[in-house]
Amino acid sequence: MQKYHSAHEFVPTVLLGVTPQSQLSIGKQSRSLFHLDYLDPADPAWISLATSDHLRRQWKEIESLQRQGKHLPLFGVPFAVKDNIDGAGLPTTAACPDFSYLPTKDAEVVRALRAAGTVLIGKTNLDALATGLIGTRSPYGAVPNTFNSKYISGGSSSGSASVVARGFVPFALGTDTAGSGRVPAGLNNILGLKATRGALSARGVVPACRTLDCVSILALTIADASVVFHVAASYDPQDSYSRAVIAFSLLFKLANLLYEGPWVAESFSAIEDFIVKDDVKIDPVVRGIIQRAHNFSAVDFFDSEYRKNDLIREIEVQFQDYDAILVPTDPLFPTHEDIKGEPVLENARLGRYTNFVNFLDWTALSVPAGFRTDGLPFGLTIISTRWQEEKLTRLGSQWLSTTPRQLGATQVTFQDMMTTPKDAPGSLAMIPLVVVGAHLSGVPLNAQLTDTCATFRCAEKTSCSYRLYQLASTTNIRKPDLRRVVEGEEIGLPIDVEVWDISTSGLGTLMSLLSSPLAIGSVELSDGEWMKGFFFWRTYVQSLTPPETLTPAKKSDPKPLFNSVLIANRGDIAVRIISTLKKLGIRPGQILEASFPEGVRVDTWIKSVSIVSPAYDPLLAKVFVCAYDRPEAIRKLAAALENTTLSGLQTNLEYLKQILQSHDFQNGTYQTNTLDSFKYQVPAFEVLDPGPSTTVQDYPGRQADLECTRAGPALLFHRDAYVCIVGGQASLEIDGTDASLSSQLYIKAGQNLKLGEIKTGCRAYISVKGGISVPPFLGSRSTFALGKIGGHCGRELRVGNIIPFDQSSNTAPIEDVKSYSTILPKYGKSWVINVLPGPHAFSDSFSESAFAELFQNPRKVHYNSNRVGVRLTGPKPTWARSDGLSFRIYACIEAHKEAPIPGVVELTPGVRSLHVAYNSSQDEIVAALQAATSVFSLESFVHGIPSRTFILPPASEDSASLAAVQRYSQTIRENSPWLPSNVDFLQRINGLETKPWIVGIGGQYLCIYGIESPGGYQLVGRTVPIWNRWAKREKPWMFNIFDQIRFYPISEEKLIQARELGQDDKLVTIVDGTFDIEKYERWLEENAADIASVTNKRRETLKISNPLSEAMRPGTSQLEANNQESMESGNGIQLRAGIAGRCWKAAVGVGDVVEEGQTLFWIEAMKMEIKINAPIKGTFSAVFVKPGDVLGAESRMATLVPL
């Protein structure tokens, strides 16, 4: 089977007469280009193949061009095109048979390639109508990956990528609207070039989205991609989006086009007559995507267009200093099964790094970048701005020429070597030239450049390997030029130079004007890139006699020659901040906060809330400093690292700080193996085992310590520390030796502390002298895990966490510790808690009898209590009132902002209460509040309360809401009247007869949960986050008192996509305004009858269905049964719950064999998931619980027989 490794290999073979040229002239029918029997027509990569007659006709045309003396740079090279690109004589289907037609002429890009001598051998498969990035949405079959058929090939140019990767053709054409050329290139280890829109004509291409469509080039080598681009690129006046390679932005103005909707509507517009037919067979996902055009109006389009242009402007400003961007081509490698499960979502994820390129009209080149551990290919994409195809191919050449690589799936090894095509149009074949001295802008000899039509590109500096010398001159023009120094013998300097773009012919003209010893050679710039530039012969310098020696610029001369010679900077230092530590390995996670100091160079990709994946390099940032000498550079770098904040995951930041302060580094005496013996000592402990739930907590006025629930952690201390542990009784070990609780312990660096299961009570506390060093949030260091704030990363501790503590306080023990032992409480099974009446006490909220009953009956703590609140089981109280606060409370709060009430720290309104934080006595604060509320007036608030209107998008009955309801039914109560659907319950009790989406909320309050929460309201859907610690606003919460909320419907898919892309804010509209109390009260009066009617209807409905009485019945409990002994238990180990809660998941059954440490059951308690693990390896002889069972601390769960 003939396979082609590159066009450069094929062309000389043809010209030597070995392939079809000599065979056809005598009519031989041998196995050749004109007999494609080596290609399988059933191969899903092909939709149609050229016949022998069609191939012969093409060859005759090529021979005719040759006889006419035409230049044929691609003489006899076979190629293929995606089947949405016209090729005369071959049908165009766009992977939709009902759409098929037979074109009578080639697409313009095909015509240009055939005019250069190529032969079109077939049309390749694609996602139907070029809609997708996966390569499976075709009636002609899914194109498998060329390395592993279990995986997808990527699309929509799947067939073109496949036939190139397998070496059937050296290159093929595809199309690229959102990555359709680059995605399959990356997944098949080949190159994919997406050019500037309009550089390659799209005339004769079935449009997917004309404003974004680009013809793409898929090739095995960078040289082929470059040659094909230069041959095919030309201005096509019949293509309204074609552009000549000129500075058209100064000459061309966009026509005032009228769009019918956002960009998906363009696809619909192009094929509307076809796709609306009911009998048309087309992939259902493709049809669904295109028919979404009905959802958009002209207003939607212009809103999107304006937003797009605003983003483009902002992005171009941010990236204006970058030459190129390097990203992974494909962020994931889906299988066919993955696509079947989530076709739209997987497609969107594949385009994560490709979609934006087309909107920006940037250029991009996907290049092979090696292979994953499973043997599948990985691709990188180099992205640059418009008209940067030459730059991309240069960068791609540098990347690919470093080492041999495999060509596609051919098993052939190839070494890339990039050369500028001789046939490149003059306007594209520009050579960058480094000039210096008298040829700089504004200097006399610069005219030699401008006379050749050379254009200025940029100002640069050379590397620190050159000196600037003044040559002898017979005129008044001084002629300085560059000489590269001898490494190790001379000190070089960075020299100011300029880079000019000059044509090949212009360079020849310029060289003819140069006189000895000047010449054109290679010059190294400060960034390491080499370019052609001016220099003079080293042999010329060596030939000079002492009196003739060239004059170098002196260091003491501040302006030696043209201000271009600078003192060398000898104090440059750079450090790499990575998400890893020696012996700990890579530590992926989320960056909670990232900030870097001003005045130093920082190269980084991270920001606050960035996710650090374990799939990529752990490098987070590089920090560079420059100074006049090394000590100054070390000082600047140390200050920079001290002012760098990175929280959320473990990094080597502290490690770098200690290295900078080390004696070897300070004195420059380090060796390559110095770090092997470097002792990194940080005042911190490392979490070896976090236990069920260990968090950082504090109390006002006290230090932060560890709170352990049900069992404690295992910790490794990296520095000496004084530790004390109090709370429930538990076993304690220091390096395996038993130790005492409630006493001062001295833990040495390197020792392990392990706190075991808490036998009495629920929690224990580990205190380190000086406290745990975590940043405060809203004035507290306590962990609020539901809100993901405070403590260490806003969550429970995990294995590998490094938790710092205050080292300065651990130099000496606390004196007279024994005196503190007398105040330690004694914990029994029944506790008496002393309380004071609060805002809900009798007679303000409780009825008198209920208030008295509260103190008379013993109560138990419910298993679903936590740090947010404690729920007690027992008789239910009766309430003394049914209404909430009055508007006067709001006026009181606003008045306090203007004239603070003495002693008041903060006023916080609740639904039925006002929370007052104060720092004076109770009598003083009550008197101050009474005095303040007696003097302020409500008049100023009645007509002008600041009130913003938020327009939010809720997704009705989304999957997350339904999952929460399902979890409730499994772990709390399975027979509530609001199950299985909260929405149906609300509709039923309100007597609503409207459609299912339009529902009312039972009760007076609508709650949007800003964080993960215990819940309590009827769940009807999900909207955007309303709490964001890292949002660009002063406070992390979205709403203020008296803000108003309106809703508009949105699909769950669109809501999820916005959240994944971090674009939630784009779904929210905020309108500033005021709230008029009098106007609102008038509205209530005007609508009183209607309100009463709705209320009465609800009341009558409740009388009939009476769901509330059903809801008040206590749920069934298996607690009693589970506490009883079982005759089936056998002689094994009895596994008990150890904590009150409800079993929500069981992973084992009778007869199962488990390993030590394997998770067996999950208990929901205190709003947490508590895992029950196997203490030993064994077999289950009995299991006593099932999901939903309520458990006590002593409840038996199973019997485990040791193995």
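With numbering that gives the first Met the number 0, the residue at position 379 of the sequence shown is 378, and numbering never jumps. Cβ coordinates follow ideal geometry from the N, Cα and C atoms, glycine included.
Just tell me which of the options has its CA closest to the CA of residue i.
i       : options                              : result
Val1023 : Ile1076, Pro953 and Ala49            : Pro953
Phe949  : Pro77, Ile892 and Ile1007            : Ile1007
Tyr150  : Thr503, Ile338, Arg55 and Ala106     : Ile338
Asp329  : Ile572, Pro376 and Asp360            : Pro376
Thr1158 : Asp805, Gly727, Leu731 and Pro691    : Pro691
Thr1068 : Phe1074, Gly116, Asp1188 and Arg1045 : Arg1045
Val574  : Lys656, Leu38 and Ser511             : Lys656
Ile771  : Lys753, Ile802, Ala323 and Gly755    : Ile802
Ser241  : Phe370, Trp386 and Lys104            : Trp386
Leu652  : Ile724, Val622 and Leu48             : Val622
Gly799  : Leu715, Gly786 and Ser864            : Leu715
Gly436  : Leu871, Glu345, Asp495 and Arg404    : Asp495
Look up residue i in the DSSP assignment and say whether it is helix, strand or coil.
i       : result
Leu796  : coil
Thr508  : helix
Pro367  : strand
Gln929  : helix
Arg1135 : strand
Ile340  : The residue asked about is misnamed: residue 340 is Gly in this sequence, not Ile. Residue state, collapsed to three classes: helix.
Cys213  : strand
Asn751  : strand
Ile892  : helix
Ile610  : strand
Asn124  : coil
Phe1074 : strand
Trp1206 : Since the first residue of the chain shown is 0 and the last is 1202, residue 1206 is not available in this structure.
Ala44   : coil
Is residue i buried or exposed, if buried means 16 or more other CB atoms sit within 10 Å of its CB?
i       : result
Gln649  : buried
His70   : exposed
Gln696  : buried
Asp1216 : In this structure the chain extends from 0 to 1202, so residue 1216 is not present and cannot be described.
Tyr37   : exposed
Thr50   : exposed
Arg1098 : exposed
Arg858  : exposed
Trp529  : exposed
Could you tell me the distance, in whole angstroms, from the CA atom of residue i to the CA atom of residue j?
i       : j       : result
Pro327  : Tyr468  : 45 Å
Thr123  : Asp238  : 24 Å
Ala1192 : Gln1133 : 13 Å
Glu592  : His791  : 12 Å
Ala347  : Phe355  : 12 Å
Ile1090 : Arg1081 : 13 Å
Glu1124 : Ile733  : Residue confidence for Glu1124 is low, a pLDDT of 38 falling below 50, so the modelled location carries little weight and cannot support an answer.
Leu961  : Pro774  : 36 Å
Leu112  : Met510  : 35 Å
Lys747  : Phe677  : 19 Å
Arg466  : Leu481  : 6 Å
His438  : Ile430  : 16 Å
Ser578  : Leu640  : 15 Å
Asp138  : Phe167  : Before going further, note that residue 138 is Pro rather than Asp in the sequence given. Distance between the alpha carbons of Pro138 and Phe167: 23 Å.
Val227  : Ile216  : 8 Å
Pro420  : Ser502  : Annotation note: pLDDT 40 at Pro420 (below 50); position unreliable, coordinate value reported separately. Cα to Cα, Pro420 sits roughly 13 Å from Ser502.
Gly154  : Asp105  : 23 Å
Ile381  : Thr782  : 42 Å
Trp1036 : Val925  : 30 Å
inquiry  = Please give me, in chain order, every unbroken run of the beta strand (DSSP E) with length at least 3 that falls completely inside the region 48 to 100.
reply    = 77 to 81
task = Any chance you could list the beta strand (DSSP E) runs of at least 3 consecutive residues sitting entirely within the region 151 to 187, in chain order?
result = 170 to 175
ask   = What alpha helix (DSSP H) runs, 4 residues minimum, are completely inside the region 350 to 417?
value = 354 to 359 and 388 to 399
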